[in-house]
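Undergrad: Residue numbers (the numbering used here): 1 to 422.
Backbone N, C-alpha and C define an ideal beta-carbon position, used for all residues, glycine too.
Every value quoted in this text rests on a predicted model; they were computed, and no experiment measured them.
Okay, here's the structure, questions in a sec.
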Amino acid sequence: MFADLVWATPFAVLLGSIAVLPLTHKHFWEKNYHFIALGLAVIVALHYLLGLKNASPLLHTAHEYFSFIALIGSLYIVAGGIHINVKGEATPLVNCVFLLIGAVLANFLGTTGASMVLIRPWIRMNKYRLTAFHIVFFIFIVSNIGGGLTPIGDPPLFLGYLRGVPFFWVLEKVWMIWLLGLGLVLFIFYCLDIRNFKKAPAQIRQKETGGGEQWRFGGSHNVFFLLMILGSVFINNPPFLRELIMIAAAILSYKTTPRPVHEANDFSFAPIREVAILFAGIFVTMLPALEWLEHNAGAIGIQTPGQFYWGCGILSSVLDNAPTYLNFLSAALGLFGSGDGSHSVSALLANHPIYVRAISVAAVFFGAMTYIGNGPNFLVKSIADHSKVKTPSFFGYVLCYSLPVLLPVFTLIWFLFFRVPN
Numbered sequence: 001m002f003a004d005l006v007w008a009t010p011f012a013v014l015l016g017s018i019a020v021l022p023l024t025h026k027h028f029w030e031k032n033y034h035f036i037a038l039g040l041a042v043i044v045a046l047h048y049l050l051g052l053k054n055a056s057p058l059l060h061t062a063h064e065y066f067s068f069i070a071l072i073g074s075l076y077i078v079a080g081g082i083h084i085n086v087k088g089e090a091t092p093l094v095n096c097v098f099l100l101i102g103a104v105l106a107n108f109l110g111t112t113g114a115s116m117v118l119i120r121p122w123i124r125m126n127k128y129r130l131t132a133f134h135i136v137f138f139i140f141i142v143s144n145i146g147g148g149l150t151p152i153g154d155p156p157l158f159l160g161y162l163r164g165v166p167f168f169w170v171l172e173k174v175w176m177i178w179l180l181g182l183g184l185v186l187f188i189f190y191c192l193d194i195r196n197f198k199k200a201p202a203q204i205r206q207k208e209t210g211g212g213e214q215w216r217f218g219g220s221h222n223v224f225f226l227l228m229i230l231g232s233v234f235i236n237n238p239p240f241l242r243e244l245i246m247i248a249a250a251i252l253s254y255k256t257t258p259r260p261v262h263e264a265n266d267f268s269f270a271p272i273r274e275v276a277i278l279f280a281g282i283f284v285t286m287l288p289a290l291e292w293l294e295h296n297a298g299a300i301g302i303q304t305p306g307q308f309y310w311g312c313g314i315l316s317s318v319l320d321n322a323p324t325y326l327n328f329l330s331a332a333l334g335l336f337g338s339g340d341g342s343h344s345v346s347a348l349l350a351n352h353p354i355y356v357r358a359i360s361v362a363a364v365f366f367g368a369m370t371y372i373g374n375g376p377n378f379l380v381k382s383i384a385d386h387s388k389v390k391t392p393s394f395f396g397y398v399l400c401y402s403l404p405v406l407l408p409v410f411t412l413i414w415f416l417f418f419r420v421p422n
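Below, the structure written as structure tokens:
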């Protein structure tokens, strides 16, 4: 059963490289990350093409990657043409309200859309006392936990919707968990931000508390292109029409946005290029790991809601959370002998809803545990890095933030909602 996992080694090497090399050999990584990511991807691709003589998984993954990068890239370009200039308060309370608005907005624009629209204003409004935890908690709340209520919010929930989960089912069943998780993380941020605010020089505190807030918008026509992209998400046929609409929206946005708006946003293609290359490697190299999970989920004894919660959550931290969600949904269907198809999903929702609730919460929330758990995470980090904002390394993010902050919150959620045996 474990022999097939040997081909997950390139994925483990890529994860290790992303985690270690930027910290220990920064210059080498910046010059060679594309060779490392794509080289490891080629090894796995050759295994499928020459060893297994089965190109089907690669073609399916290529389609998924194309859809992923079309969505991420188009949102990045369109959001880069929207300049939100914030002047005034950046007190801890105002920051919490901003993050709360971002969390709600994520359910309408998706975590990627909300992250791309709001990360630059977030950096600007906190520029006088911006630290690493401001970027990290933005990723926690806006890029992940916030989008846990609707299929638009996060890709795993959208895939569940396509498989037969009603549009408002997650909102009805998960809102209490969402409020608890979001509230606890916001409270922790508030405590940290108060301490950061008090340490700031007196002139900065006076500057941030003196006078009302002023919001100015540039490139507002790009809201139309943003809605164009979000509307295209629901188009399934004909093939590639959805992605073509996204690409068209991105091109039109870039061509029609005045240069001063792009300059005010410090817009460049460097962050999205880095994300595109790294995730090309991730999508291909994680194929053997995902296939092994799909075929062996039942054999390794995942049966209770708590096991589904932790299993889906842990793997969503290091694998793409969308296919991880689908694999655990398939495992739940197989556990109860429901077969496949929307009718079986309906039966699962009617008779064992706690399993779908567990994997829905886990796939979305645990995506915040690492930079690669969800698409927007690495993109937000990359934008912050290019804005000269100090961000934690891969290990620093996990050891200093996600483990001490998120893991206790997620453990409490398990204890309150998914500890039951069945």
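Going by DSSP in three states, HIS83 sits in which element: helix, strand or coil?
TA: Translated into the one-based positions of the sequence shown, residue 83 becomes position 83. Correct three-state label for HIS83: strand.
Undergrad: Would you mind working out which of GLY375, PHE365, LYS26 sits nearest PRO408, comparing C-alpha positions?
TA: For the purposes of this step, residue 408 is taken as the residue at position 408 of the sequence shown. Cα-wise, what sits closest to PRO408 is PHE365.
Undergrad: Note down, in chain order, each residue of its chain lying with its Cβ closer than 8 angstroms to the Cβ of LEU58, except the 5 sequence neighbours on either side.
TA: Counted from its first residue, the sequence shown places residue 58 at position 58. Excluding residues within five positions, the ones whose Cβ falls inside 8 angstroms are ALA45, TYR48, LEU49, VAL284, LEU287.
Undergrad: Count the CB pairs spanning the stretch 305-318 and the stretch 350-366 that are closer than 8 angstroms, and state whether there are at least three.
TA: The stretch 305-318, when compared against the stretch 350-366, does touch it at the 8 angstroms Cβ threshold.
Undergrad: Give a yes or no on contact between the stretch 370-389 and the stretch 160-173, applying the rule of three or more CB pairs nearer than 8 angstroms.
TA: The stretch 370-389, when compared against the stretch 160-173, does not touch it at the 8 angstroms Cβ threshold.
Undergrad: Determine the extent of the alpha helix (DSSP H) in which CYS191 is found, giving its start and end residues.
TA: As a first step, residue 191 must be located in the sequence shown, where it is residue number 191. Taken as a continuous stretch (DSSP letters only), the alpha helix (DSSP H) holding CYS191 covers 169-199.
Undergrad: Give the single residue among ALA368, ARG419, PHE394 whose Cα lies nearest to the Cα of GLY181.
TA: For the purposes of this step, residue 181 is identified with residue 181 of the sequence shown, where counting begins at 1. Among ALA368, ARG419, PHE394, the Cα nearest to that of GLY181 is on ALA368.
Undergrad: Specify, as a first and last residue, the run of the alpha helix (DSSP H) that VAL420 falls within.
TA: The residue labelled residue 420 in the question sits at position 420 within the sequence shown. Element bounds for VAL420: n/a, residue is neither H nor E.
Undergrad: Count the CB pairs spanning the stretch 267-280 and the stretch 56-73 that are closer than 8 angstroms, and state whether there are at least three.
TA: Contact between the stretch 267-280 and the stretch 56-73 is present, because at least three Cβ pairs lie under 8 angstroms.
Undergrad: GLY147: which of ILE101, TYR33, THR131 sits nearest, CA to CA?
TA: In the sequence shown, the residue the question calls residue 147 occupies position 147. Comparing Cα positions, the closest option is ILE101.
Undergrad: Report the option in TRP29, ASP320, ILE194 whose CA atom is closest to the CA atom of SER393.
TA: Residue 393 sits at position 393 when you count from the first residue of the sequence shown. Ranking TRP29, ASP320, ILE194 by Cα distance to SER393 puts TRP29 first.
Undergrad: Give me, in chain order, the residues of the same chain whose beta-carbon lies closer than 6 angstroms to that of PHE133; leave out the 5 immediate sequence neighbours on both sides.
TA: Indexing the sequence shown from 1 puts residue 133 at position 133. So the qualifying residues of the chain are LEU192.
Undergrad: For GLY218, which three-state DSSP category applies?
TA: Counting from one through the sequence shown, the residue named residue 218 turns up at place 218. Strand at GLY218.
Undergrad: Determine the DSSP secondary structure at VAL389, reduced to helix, strand or coil.
TA: Taking the first residue of the sequence shown as 1, we reach residue 389 at position 389. Three-state result, VAL389: coil.
Undergrad: Would you please state the rounded distance, in angstroms, between the beta carbons of LEU109 and VAL117? I believe it to be under 8 angstroms.
TA: Position 109 of the sequence shown, counted from the start, is the residue given in the question as residue 109. Position 117 of the sequence shown, counted from the start, is the residue given in the question as residue 117. About 7 angstroms; that satisfies the 8 angstroms criterion.
Undergrad: Consult DSSP for LEU246 and reduce its assignment to one of helix, strand or coil.
TA: In the sequence shown, the residue the question calls residue 246 occupies position 246. Correcting the residue identity first, residue 246 is Met in this sequence and not Leu. Here MET246 sits in helix by DSSP.
Undergrad: Report the option in THR91, ALA289, HIS221 whose CA atom is closest to the CA atom of ARG195.
TA: Position 195 of the sequence shown, counting from 1, holds the residue named residue 195. Here the closest residue by C-alpha is THR91.
Undergrad: Going by beta carbon distance, what residues of the same chain come within less than 8 angstroms of VAL223, once the five residues before and after it are set aside?
TA: As a first step, residue 223 must be located in the sequence shown, where it is residue number 223. Closer than 8 angstroms at Cβ, skipping near neighbours: ILE82.
Undergrad: Do you know how far the Cα of GLY334 is from the Cα of VAL318?
TA: Numbered from its first residue, the sequence shown carries residue 318 at position 318. Numbered from its first residue, the sequence shown carries residue 334 at position 334. Their backbone Cα atoms lie some 24 angstroms apart in a straight line.
Undergrad: Under 9 angstroms between the Cβ atoms of SER74 and MET246?
TA: Within the sequence shown, residue 74 is the residue found at index 74, counting from 1. Within the sequence shown, residue 246 is the residue found at index 246, counting from 1. Closer than 9 angstroms, so yes.
Undergrad: Mapping the DSSP letters down to three states, classify PHE269 as helix, strand or coil.
TA: Position 269 of the sequence shown holds residue 269. Three-state result, PHE269: coil.
Undergrad: Check whether the Cβ atoms of LEU40 and LEU21 sit closer than 9 angstroms, and answer yes or no.
TA: Counting from one through the sequence shown, the residue named residue 40 turns up at place 40. Counting from one through the sequence shown, the residue named residue 21 turns up at place 21. Taking 9 angstroms as the Cβ cut-off, LEU40 and LEU21 do not qualify as a contacting pair.
Undergrad: In angstroms, rounded to a whole number, what distance separates the CA positions of LEU171 and ILE152?
TA: Mapped onto the sequence shown, residue 171 falls at position 171. Mapped onto the sequence shown, residue 152 falls at position 152. Their Cα atoms are separated by approximately 11 angstroms.
Undergrad: Please look up how many angstroms separate the CB atoms of LEU329 and GLY160, rounded, as I've assumed it's under 8 angstroms.
TA: The residue you call residue 329 lines up with position 329 of the sequence shown. The residue you call residue 160 lines up with position 160 of the sequence shown. The Cβ separation is near 7 angstroms, so the contact holds.
Undergrad: Within a Cβ cutoff of 6 angstroms, which residues of the same chain sit near LEU326, ignoring the five residues on either side of it in sequence?
TA: As a working mapping, residue 326 is identified with position 326 in the sequence shown. For LEU326, where only same-chain residues beyond five positions count, the Cβ hits under 6 angstroms are LEU159.
Undergrad: Mapping the DSSP letters down to three states, classify ASP340 as helix, strand or coil.
TA: Taking the sequence shown and counting its residues from 1, one reaches residue 340 at position 340. Here the model assigns ASP340 a pLDDT of 43, short of 50, so the residue's position is not dependable and the matter cannot be decided.
Undergrad: Taking only runs that begin and end inside the stretch 49-103, name each unbroken alpha helix (DSSP H) of 4 or more residues, in chain order.
TA: Qualifying alpha helix (DSSP H) stretches, in chain order: 56-79.
Undergrad: Mind checking which residues open and close the alpha helix (DSSP H) that includes SER316?
TA: The residue given as residue 316 occupies position 316 in the sequence shown. Element bounds for SER316: 305-318.
Undergrad: Would you call ALA55 buried or exposed, if buried means 16 or more other Cβ atoms sit within 10 Å of its Cβ?
TA: Residue numbering aside, residue 55 sits at position 55 when the sequence shown is read from its first letter. Classification for ALA55: exposed.
Undergrad: Apart from the five residues on each side of it in sequence, which residues of its chain come closer than 6 angstroms, Cβ to Cβ, to PHE418?
TA: Reading the sequence shown from its first residue, position 418 is the one you call residue 418. Result list for PHE418: PRO305, GLY306, TYR309, ALA358, in chain order.
Undergrad: Determine the DSSP secondary structure at TYR128, reduced to helix, strand or coil.
TA: What you label residue 128 is simply residue 128 of the sequence shown in a count that begins at 1. Coil at TYR128, not helix or strand.
Undergrad: To the nearest angstrom, report how far apart GLY231 and ILE43 are at their CA atoms.
TA: The residue labelled residue 231 in the question sits at position 231 within the sequence shown. The residue labelled residue 43 in the question sits at position 43 within the sequence shown. Their backbone Cα atoms lie some 37 angstroms apart in a straight line.
Undergrad: Would you kindly report the start and end of the unbroken alpha helix (DSSP H) that includes ILE43?
TA: Taking the first residue of the sequence shown as 1, we reach residue 43 at position 43. From DSSP, the alpha helix (DSSP H) with ILE43 extends over 26-46.
Undergrad: Can you tell me the Cα-Cα spacing of LEU179 and THR111, whole angstroms?
TA: Mapped onto the sequence shown, residue 179 falls at position 179. Mapped onto the sequence shown, residue 111 falls at position 111. Using only the alpha carbons, I get a separation of about 17 angstroms.
Undergrad: Where does TYR401 fall in DSSP's three states?
TA: For this step, residue 401 is matched to residue 401 along the sequence shown. The answer is helix: DSSP assigns TYR401 an H, G or I state.
Undergrad: Determine the burial state of VAL185: buried for a count of at least 16 other Cβ atoms within 10 Å of its Cβ, exposed for fewer.
TA: Looking up residue 185 in the sequence shown gives position 185. Classification of VAL185: buried, given that the 10 Å Cβ count is 16 or more.
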